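Quick note: the sequence shown uses this note's numbering, first residue 9, plus one each step. C-beta: ideal position from N, C-alpha, C; glycine also. Computed from a predicted model, the values in this text were never measured in an experiment.
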Amino acid sequence: MISYKKFVCCALLSGFAIFYWCIAALAAAPQYDLILKGGHVIDPANHIDQIMDVAVADHRVAAVKKDIPDSEAKKVVDVTGYYVTPGLIDIHVHVSNGGTPLDWFTPNSRHREVPEGIMTDIPLDSGVTTMVDAGTSGANDFIQEMMKVTDHSQVRVLSWLNIVENGMFSGLEQDPDNMNPKRCAQIINEFPNLIVGIKTAHYGAGINLNSPPTPWAGIDDAIACGQLTHRPVMVDTSPVPGRSYADIITKRLRPGDVHTHVFAQQFPIILPNGKVNPIMWEARARGVVFDVGYGSASFWWRDAAPAIQQGFMPDSISTDLHLGNIQELSLTSVMSQFLIMGETLKEVIQQTTVNPAEEIHHPELGTLSPGSDADIAVLQLLHGNFCYHDDGNARMCGNSKLTNVLTVRDGAILYDPSGLSMVDWQHARPQYFGHCPETARMIRGRRRCSSAADNFPRHITNYEGLGSPFPLEPWLQVPGNLGNNPPGVPHPPDLTRQYHSPFPDHPRAQPLANPKDVYPVQEQSSDSEHGQQ
Ligand SMILES: [Zn+2]
Numbered sequence: 009m010i011s012y013k014k015f016v017c018c019a020l021l022s023g024f025a026i027f028y029w030c031i032a033a034l035a036a037a038p039q040y041d042l043i044l045k046g047g048h049v050i051d052p053a054n055h056i057d058q059i060m061d062v063a064v065a066d067h068r069v070a071a072v073k074k075d076i077p078d079s080e081a082k083k084v085v086d087v088t089g090y091y092v093t094p095g096l097i098d099i100h101v102h103v104s105n106g107g108t109p110l111d112w113f114t115p116n117s118r119h120r121e122v123p124e125g126i127m128t129d130i131p132l133d134s135g136v137t138t139m140v141d142a143g144t145s146g147a148n149d150f151i152q153e154m155m156k157v158t159d160h161s162q163v164r165v166l167s168w169l170n171i172v173e174n175g176m177f178s179g180l181e182q183d184p185d186n187m188n189p190k191r192c193a194q195i196i197n198e199f200p201n202l203i204v205g206i207k208t209a210h211y212g213a214g215i216n217l218n219s220p221p222t223p224w225a226g227i228d229d230a231i232a233c234g235q236l237t238h239r240p241v242m243v244d245t246s247p248v249p250g251r252s253y254a255d256i257i258t259k260r261l262r263p264g265d266v267h268t269h270v271f272a273q274q275f276p277i278i279l280p281n282g283k284v285n286p287i288m289w290e291a292r293a294r295g296v297v298f299d300v301g302y303g304s305a306s307f308w309w310r311d312a313a314p315a316i317q318q319g320f321m322p323d324s325i326s327t328d329l330h331l332g333n334i335q336e337l338s339l340t341s342v343m344s345q346f347l348i349m350g351e352t353l354k355e356v357i358q359q360t361t362v363n364p365a366e367e368i369h370h371p372e373l374g375t376l377s378p379g380s381d382a383d384i385a386v387l388q389l390l391h392g393n394f395c396y397h398d399d400g401n402a403r404m405c406g407n408s409k410l411t412n413v414l415t416v417r418d419g420a421i422l423y424d425p426s427g428l429s430m431v432d433w434q435h436a437r438p439q440y441f442g443h444c445p446e447t448a449r450m451i452r453g454r455r456r457c458s459s460a461a462d463n464f465p466r467h468i469t470n471y472e473g474l475g476s477p478f479p480l481e482p483w484l485q486v487p488g489n490l491g492n493n494p495p496g497v498p499h500p501p502d503l504t505r506q507y508h509s510p511f512p513d514h515p516r517a518q519p520l521a522n523p524k525d526v527y528p529v530q531e532q533s534s535d536s537e538h539g540q541q
């Protein structure tokens with residue numbers, strides 16, 4: 009029979025054994041969810057430009073270093089021969105409709121046409137993990153945009169708020185009465201995490217380039233809202249009599265304000281002698297930011313190529329994607345065009361990561377710094393003969409083409425068309441072949457398990473927050489309604505407010521018989537500021 013002394017001794021020894029077994033097991037457990045192994049990392053924010061491994065854990069970048077052992081991750085993806093960069097940032101895209109329902113009564117409204125905006129997750133195929141809507145909506149339809157699009161996107165969607173209250177498709181872009189800096193500031197203050205700045209677009213342009221009666225209204229009202237909210241302004245403008253390009257960029261815009269569409273045909277970027285206009289250098293020295301905003305009519309080789317050759321490069325590269333150009337345009341195709349004009353790969357990565365992050369005042373984005381959101385692009389640089397066209401139907405050829413092969417957003421692999429992160433089917437786990445393990449959950453008497461070849465996340469389902477610093481806005485946390493917020497929860501703006509129509513006599517310029525049919529109406533309460541001009 010075992011003595012008491014021996015029993016205690018055995019118990020202690022077994023305890024120690026279990027303790028050490030646990031420690032050993034913990035030490036052996038992979039500490040990372042994912043390693044992207046052997047790629048050439050370009051992370052301009054951290055001055056990294058060499059072959060390294062990138063490790064992801066718990067939705068965040070955990071380490072960027074050489075030779076991380078495979079055993080330390082649940083999943084290892086060999087990205088040898090590819091470039092690994094922070095998830096790309098496109099600060100000029102269009103999502104949502106760009107008009108409020110009331111704009112049906114405005115003769116110039118384009119709200120009845122096909123929606124302006126693209127499906128937000130499409131640019132994942134270019135490695136884009138953050139996009140900024142460029143003023144498709146204004147104060148009166150921002151909430152529509154957010155509820156219909158932004159809150160349901162796997163890509164992070166931020167916004168420039170249009171100074172035109174009813175948005176870009178409202179037919180009111182030329183109406184200064186629909187520009188209200190205080191109302192603009194009110195909405196920005198309600199959604200400070202989502203709105204990065206203010207957009208003014210098309211004002212006084214496209215009307216035979218005659219100057220409107222108040223040529224500076226759009227820019228000045230946008231800047232006034234920018235001053236109220238300490239945010240930059242993005243301008244899509246044209247020089248007209250009384251509003252020269254030199255005055256716009258060397259006098260009116262503030263340091264940090266962004267001129268998008270910089271290489272559009274209407275700007276005197278290149279002088280007749282072929283030199284870059286000195287006002288470009290002067291404005292850059294003042295801190296004015298120049299963004300590409302490629303679009304359907306805003307990029308011309310004759311402006312861009314000589315500028316790049318002379319060292320005047322854009323601060324940021326963006327697409328101006330909308331439904332009218334999504335068939336041909338992507339961020340990687342625009343980046344490729346800057347490569348064939350002479351920029352280096354490192355420069356175009358800088359112009360799509362750290363630079364735009366700084367421009368929108370979100371320095372936590374566009375970097376692979378450990379602790380940042382695991383937003384990553386894996387790019388391939390092809391060498392051969394590749395041609396591209398500009399918006400003036402002119403062609404330029406070169407030997408570079410940049411494509412994206414894999415996109416990680418918030419730690420999940422959301423784009424991988426070639427199966428770079430997947431196993432050959434013959435080596436898939438048993439579930440793939442229909443063998444559910446004994447340990448799988450029983451649901452209604454049946455054993456259930458995923459039949460995918462692995463269990464790595466390839467979709468984001470918890471849209472609310474996405475592990476990012478953008479939690480759901482407080483009033484939206486009230487389940488399912490616009491109108492019954494408890495005291496203390498901010499109200500959404502009154503979407504049924506009537507605007508001053510510039511076309512009061514038009515037969516369609518009548519209010520809805522019952523706006524409640526369109527939106528649930530919120531009773532105005534203590535917050536008397538809401539919904540008033
Ligand atoms: Zn645009």
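With 16 other Cβ atoms within 10 Å as the buried cut-off, status of residue i
i    : result
L279 : exposed
S79  : exposed
R1   : The requested residue 1 is not part of the displayed model; the chain covers only 9 to 541.
S145 : buried
Q194 : buried
G234 : buried
P479 : For P479, the pLDDT reaches just 40, beneath the cut-off of 50, and the residue's location in the model is therefore unreliable, although a value from the coordinates is still provided. It counts as exposed.
Q485 : Here Q485 scores only 40 on pLDDT, less than 50, and its place in the model should not be relied on; the value that follows carries that caveat. By the 10 Å Cβ count, Q485 comes out exposed.
V497 : Bear in mind that a pLDDT of 39 at V497, under 50, signals an unreliable position, so the number given afterwards is only what the model happens to contain. Exposed is the call here.
S304 : exposed
P445 : exposed
G295 : exposed
P263 : exposed
G547 : The first residue shown for the chain is 9 and the last is 541, placing residue 547 beyond what the model contains.
K207 : buried
R456 : exposed
Residue i Cβ short of 8 Å to ligand 1 heavy atom set
i    : result
T268 : yes
Y328 : The displayed chain sequence assigns Asp, not Tyr, to residue 328. Answer for D328: yes, Cβ within range of ligand 1.
H102 : yes
G427 : no
G125 : no
A213 : no
D98  : no
A142 : yes
G542 : Residue coverage of the chain in this structure runs from 9 to 541, which leaves residue 542 outside it and unanswerable.
A230 : no
D244 : yes
A272 : no
A254 : no
A209 : yes
Candidates the options: closest to residue i by CA position
i    : options                   : result
W224 : P38, R310 and R260        : R260
P364 : S324, V342 and M349       : S324
R251 : A213, G234, A272 and T237 : A213
A37  : D61, V386, V49 and A65    : A65
G89  : Q317, S104, L428 and R455 : L428
G135 : T411, S161 and V87        : T411
K156 : P200, V172 and G106       : G106
H370 : N186, A460, I76 and L202  : L202
L545 : D383, H443, S246 and G295 : Absent from the model: residue 545. The displayed extent of the chain is 9 to 541, so no value can be given.
E351 : Q152, D229, G319 and Q335 : G319
F271 : F298, T258 and P286       : F298
V243 : A315, E366 and V172       : V172
F199 : N188, S167, T222 and G226 : S167
Residue i vs residue j beta-carbon contact at 9 Å
i    : j    : result
D98  : L339 : yes
F464 : D41  : yes
M343 : T360 : yes
N63  : K74  : The question names Asn, but residue 63 in the sequence shown is Ala. No.
R68  : D424 : no
A209 : G143 : yes
D61  : I76  : yes
D311 : F275 : yes
A254 : I287 : yes
Opposing strand residues paired with residue i [DSSP bridges]
i    : result
S408 : H391
N170 : G146 and K207
Y396 : M404
D607 : Here the chain has residues from 9 to 541 only, and residue 607 is not among them.
Y40  : A81
G47  : M60
P94  : I384
K73  : D61
Minimum Cβ-Cβ distance from residue i to chain C less than 9 Å
i    : result
A230 : Looking at the structure shown, chain C is missing, and only one protein chain is on hand.
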